[in-house]
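Heads up, the sequence shown is in my numbering, so the first residue is 552 and it goes up one at a time.
Even glycine gets a Cβ: it sits at the ideal position worked out from N, Cα and C.
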Amino acid sequence: MSKYDLAILWVLSGLAALAAVSAKLGMVLFALSDDPPADVQAALHWQRRRRWLTYSELAALPFFATTGVSATVYGGLAPVVSVIISMLLGALGFGFFLHAVQTITRRRLGIEP
Numbered sequence: 552m553s554k555y556d557l558a559i560l561w562v563l564s565g566l567a568a569l570a571a572v573s574a575k576l577g578m579v580l581f582a583l584s585d586d587p588p589a590d591v592q593a594a595l596h597w598q599r600r601r602r603w604l605t606y607s608e609l610a611a612l613p614f615f616a617t618t619g620v621s622a623t624v625y626g627g628l629a630p631v632v633s634v635i636i637s638m639l640l641g642a643l644g645f646g647f648f649l650h651a652v653q654t655i656t657r658r659r660l661g662i663e664p
């Protein structure tokens, strides 16, 4: 594996890790509550943060699959290793995905603004 290929693998792995933790870290750092605030301006800001939280949770799963495939292609590993890596990383990303789908479903049903 050349240094260029290794750099690509590290960048993709870093993006996968960033997508994985950004949603939950954002929720903790910005103290995003489940209920919207009463103030109109604060409610708009709350909706925008909630929307980007959902986007980051949905983005985590494809990044995990990309990391598994890239490790196999650039690392010269067997295709089975790609499947195993994708499954292991996907198990973590699936929780993020389910939370994002739950948020979207609640919004569509009118349960959550």
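Does the distance from the C-beta atom of residue i to that of residue j stay below 8 Å?
i, j, result
"Ile636", "Gly619", "yes"
"Leu609", "Phe648", "yes"
"Ile559", "Ser633", "no"
"Gly641", "Phe615", "yes"
"Thr623", "Leu563", "no"
"Pro587", "Trp597", "yes"
Where does residue i land, buried or exposed, given buried means 16+ other C-beta within 10 angstroms?
i, result
"Ser553", "exposed"
"Ala589", "exposed"
"Thr605", "buried"
"Thr656", "exposed"
"Ala651", "buried"
"Arg659", "exposed"
Helix, strand or coil for residue i per DSSP?
i, result
"Ser553", "coil"
"Pro630", "helix"
"Pro587", "coil"
"Gly565", "helix"
"Gly661", "coil"
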